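The numbering used here numbers the first residue of the sequence shown as 976 and each following residue consecutively.
Data block below; observations after.
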Amino acid sequence: MRALRVLALGALLVALAYATLPASADVNAGPFLFMRDLQIGLEGVGRTTIGEGRPQLFQVRIVGLVDNPGDLNDYILVRSSGDLIREAGGYAQGMSGSPIYIDNKLIGAFFAAFLYDESPNPIGLVRPIEAMLKLVGAVQRAADAQRKDDEGDEEEALWPLEEALRSVRWEDGQRRTVKVVSRPPELAERRAHPDTLYAVRTGTALWVSGLSGRALDWLKRGLDPRVFERAASALLPLRSPMELGLDRGFLEELQRGFEERYGAAMYPFAAASNSDGLGAFAPEEFKPGRPMAALLTNGDVTLGGVCTTSYVDPEAGVLLACGHQLFLTGESRLFLARAQVIDTVNSGPISFVLPRVDRAEVLGTILQDRVQAIGALLGRPPRSIRLTVRVRDITTDTVRDLTVNLADVSRFVPFLVFASLLQGVDTTLNRIGQGTMRVEYTIRGDNLPRRLGRADVFADFNDIAVFGPLQVAQTLFLLLQNEFADPQISRIDVDILTMKPVRLLQVVDVETDKGKYRPGETVRYTVTLRAYRGEERRIEGSLELPEELEARRLTLRVRGGLRRQQGAAQQASASQQQYGSLEDLLRAIEEATTNDQLTVELVGLTKGGGGEAFQEVRKLKDWVVTGEGRVTLEIERPKPQPKPQPKEQQQQDQTQTKPEKAKESEPEGKGKDPQQDDQPDQDQDQKQENDEQQKDNDSGDDGDGDQDKSEDGNGDEDDCNQLFYC
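Take a look at the structure:
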């Protein structure tokens, strides 16, 4: 029995709402045969290229026509034969886009195959050419829009029902049901439905050069959540506004690998350059049946898909290929590059071509990535993002440089940058283990208000390589997801310095020059830090207290690096972040706390008495600072003075005082008014009231609540004993 056949190269049931064929693309039917002209039993040839040389032919016969409503759900079923099909092990990933001709007229492009087809002449699916030709005008419009730096309107991808191929009339006149599945069905189900043909959705194979080890594995399968937990200090305490809506956040996206995203296998391969044997290959030499490459990156890291050219419109300079989408990005800016198919690999259920791709030269721009095909404009390279990386390990004196050009597709950039940086660090260190990393990076963009620059340092006892790449990727994600404008990032420069020793300082103590201070005085402090497997270090500094200070006690707090809230508290804090402009976001990224930061601050200042002036931040370059210390400061306040009385009241008091003194000199009972014996002593009552008011002032609320009470619980009495004015 032949090996099971898996659907090759194409999404079977993805459909896209798209405009009708424009007048500019209303081509003469002379070189084409449309669906209305076809019938079962017609025979023709397919054209594809395996190995060097000219395209080779294989035979095809139409065995079924699927005419659903609309034209993006229409398919032609063909049975193929010939030496090429037999040697390739059937249809192979990479052959998608192979043009199919009947009577030398193009009817469409092969793009998919059926599961469990044990015939030596397998059945393939062909995309009708009329659906593909719609992209000729779309490519021209996209090119005009990009010349004007106008991104144009995005179009939504609509997913049809699975029964789009519900029933097919076969060559023997019978009708069979076609069922689309996400995975191969069990044997019992297949036996119970012998007249059902199963197909599975998949994308074209993705090829990558320049990535290996875990950098390749994580790009394929996604990042394990445990990696985030270990590398939490690398993440900025910032969130994109889009994360609070419907879009997935940075961590969630990084946990999804490319294979999960696009249902396509990813294979390593060796990318070639012009000097590696591909030879001269001008853009006009792209011909139907020749392989082509659609790349997300090129340079030291090359990633993309390889398929076959279906049709070239020489007048419009437009190339159509694949017969299906790659990433379904709609309007796109992928790199068009030349490729060769060395041979095919029959590895059991999946056969695929083994390509070589030119990683040095871009020959055009893929402007449309749609359900029915990809469309490229020949001869004009796209705008790209240039990533330069230098990694230096001090311990081994090893330096590694990388240069990668990235297609300007924002959904891919952060994750491709992460994989490229991780590859650079892993190959430089040539180990996984402890160490210290310092990363400095700058990001430029045509639509950024200015260049963004940031530096940070990390230390870890298990795996130091992940930290820097993770933060750079998160920063790019924040910029590309911002709600204000497309930053149009043009350049990313990253310098990474690593060493094996763990450079970690922990705050163990903080002292002040005295325990009591008056408002306006200077607080001098000394912070003691202990180095990992090293000696203690002391850092001295000072902070001035504000002149207007109401609190009785303050806390001098010293903390190292990031102070992170956890769980719901962190999410609530992040949800309150709001930026008024792209400039505000840049500033927030640059000013976010770094791990080498030692922060000394006064806590407990009343509203209006505190601020940034009462915080001091120091950068201990190449050291990660952790831990926290604090000390309580007693504040001595001047004794409150009674409010001055009005002059009229003072004169009245003086007038009343003189008779009282005269009374004291008189003998008892002499000159005494009997009526005054029955009246209360008003002066005595006033004095008592003043005393009580003074007592309230001495023990009154200064806004600190329980902080006004002494530690031994005696309250105001102990405070009075301790303060100098009592």
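Glycine included, each C-beta is placed from N, C-alpha and C at the ideal position.
Being a predicted model, the structure only gives us computed values, none of them experimental.
(request) For the stretch 1362 to 1428, list the beta strand (DSSP E) runs that are entirely contained and at least 3 residues long, ordered along the chain. (result) Complete beta strand (DSSP E) runs here, min 3: 1373 to 1382 and 1410 to 1420.
(message) Using only CA atoms, which one of 1275, 1404 and 1438 lies nearest to residue 1362?
(response) Ranking 1275, 1404 and 1438 by Cα distance to residue 1362 puts 1275 first.
(request) Kindly indicate which residue of 1504, 1490 and 1534 has the alpha-carbon position closest to the one of residue 1528. (result) Closest by alpha carbon: 1490.
(request) Determine the closest residue to residue 1329 out of 1320, 1337 and 1336, with distance taken between C-alpha atoms. (result) Cα-wise, what sits closest to residue 1329 is 1320.
(request) Assuming residue 1037 contacts residue 1016 (C-beta within less than 8 Å), just tell me the rounded distance between them. (result) So it is a contact: roughly 6 Å between Cβ atoms.
(request) Measure the C-alpha to C-alpha separation of residue 1281 and residue 1068 and round it to an integer number of angstroms. (result) Answer to the nearest angstrom: the Cα atoms are 9 Å apart.
(request) Using three-state DSSP, classify residue 1519 as helix, strand or coil. (result) Here DSSP, grouped into helix, strand and coil, assigns residue 1519 to strand.
(request) State the Cα-Cα distance for the pair residue 1497 and residue 1521, rounded to the nearest angstrom. (result) Roughly 9 Å between the two C-alpha positions.
(message) Mapping the DSSP letters down to three states, classify residue 1258 as helix, strand or coil.
(response) Reliability fails at residue 1258, whose pLDDT of 48 lies under 50, so the model's placement of it is uncertain and no value is given.
(request) Check whether the Cβ of residue 1313 sits closer than 7 Å to any heavy atom of the ligand ATP, and report yes or no. (result) Absence of the ligand ATP is noted for the structure shown, with no ligands found whatsoever.
(request) Tell me where the beta strand (DSSP E) around residue 1242 begins and ends. (result) In the DSSP assignment, residue 1242 falls within the beta strand (DSSP E) that extends over 1241 to 1243.
(request) Put residue 1304 into one of helix, strand or coil per three-state DSSP. (result) Reduced to three states, the DSSP call for residue 1304 is coil.
(request) Give the DSSP-derived three-state secondary structure of residue 1276 in the structure shown. (result) In the structure shown, residue 1276 sits in coil (DSSP, three-state: anything other than H, G, I, E or B).
(message) Is the separation between the beta-carbon of residue 1103 and that of residue 1033 shorter than 8 Å?
(response) Contact flag unset, no.
(request) Look at residue 1384 and residue 1307 and say whether their C-beta atoms are less than 8 Å apart. (result) Yes, they are a contact pair.
(request) Indicate the three-state DSSP secondary structure (helix, strand or coil) for residue 1525 in the structure shown. (result) Correct three-state label for residue 1525: coil.
(request) In angstroms with no decimal places, state the Cα-to-Cα distance between residue 1263 and residue 1297. (result) Straight across, the Cα-Cα distance linking residue 1263 with residue 1297 is about 11 Å.
(message) Looking at the secondary structure, which residues open and close the beta strand (DSSP E) in which residue 1606 lies?
(response) Residue 1606 -> beta strand (DSSP E) spans 1603 to 1610.
(request) Go through its chain and collect everything with a Cβ distance to residue 1054's Cβ below 6 Å, but skip five positions before and after it. (result) Once the five neighbours on either side are set aside, the close Cβ partners of residue 1054 are 1036, 1038, 1096 and 1098.
(message) Which of the three DSSP states is assigned to residue 1441 in this structure?
(response) Secondary structure of residue 1441 (DSSP, three-state): coil.
(message) Using C-beta distances below 6 Å, list every residue in its chain close to residue 1590, excluding the 5 sequence neighbours before and after it, in chain order.
(response) Cβ within range, chain order: 1576.
(message) DSSP three-state label for residue 1465, please.
(response) It is a strand residue.
(message) Helix, strand or coil for residue 1491? Go by DSSP, reduced to three states.
(response) Three-state DSSP puts residue 1491 in a strand.
(request) For the alpha helix (DSSP H) containing residue 1200, list its first residue and its last residue. (result) 1200 to 1205 is the span of the alpha helix (DSSP H), which, as asked, contains residue 1200.
(message) Are the CB atoms of residue 1107 and residue 1348 within a distance shorter than 8 Å?
(response) Yes. Within cutoff.
(request) Taking residue 1225 as part of the beta strand (DSSP E), name the residues at either end of that continuous run. (result) Per DSSP, residue 1225 belongs to no beta strand (DSSP E); it is in the alpha helix (DSSP H), 1225 to 1229.
(request) Can you grab the Cα-Cα spacing for the pair residue 1377 / residue 1242, in whole Å? (result) Near 21 Å, if we compare the C-alpha coordinates of residue 1242 and residue 1377.
(request) Give the DSSP bridge partners of residue 1286, in chain order. (result) Under DSSP, residue 1286 forms a beta bridge with 1295.
(request) Could you please give the first and the last residue of the uninterrupted beta strand (DSSP E) stretch that includes residue 1506? (result) Taken as a continuous stretch (DSSP letters only), the beta strand (DSSP E) holding residue 1506 covers 1497 to 1506.
(message) By DSSP's criteria, residue 1321 is part of a beta bridge. Which residues make up the other side?
(response) Answer is 1326.
(message) Quick check on this structure: which residue in 1058, 1438, 1612 and 1024 has the alpha carbon closest to the alpha carbon of residue 1204?
(response) For residue 1204, the nearest C-alpha among the options comes from 1438.
(request) Look at residue 1195 and residue 1233 and say whether their C-beta atoms are less than 8 Å apart. (result) Going by C-beta atoms, residue 1195 is nearer than 8 Å to residue 1233.
(message) Can you find the residues in the same chain that come closer than 8 Å, C-beta to C-beta, to residue 1609, ignoring five residues on each side of it along the sequence?
(response) For residue 1609, same chain residues with a beta-carbon under 8 Å away, outside a window of 5 residues either side, are 1490, 1491, 1492, 1527, 1528 and 1697 in chain order.
(request) Classify residue 1474 as helix, strand or coil using the three-state DSSP reduction. (result) Strand at residue 1474.
(request) Would you check if the stretch 1395 to 1403 and the stretch 1354 to 1361 touch, i.e. whether three or more CB-CB distances between them fall below 8 Å? (result) Output reads no: the stretch 1395 to 1403 does not touch the stretch 1354 to 1361.
(request) Would you identify the three-state DSSP class for residue 1116, choosing helix, strand or coil? (result) Secondary structure at residue 1116: helix, using DSSP grouped into helix, strand and coil.
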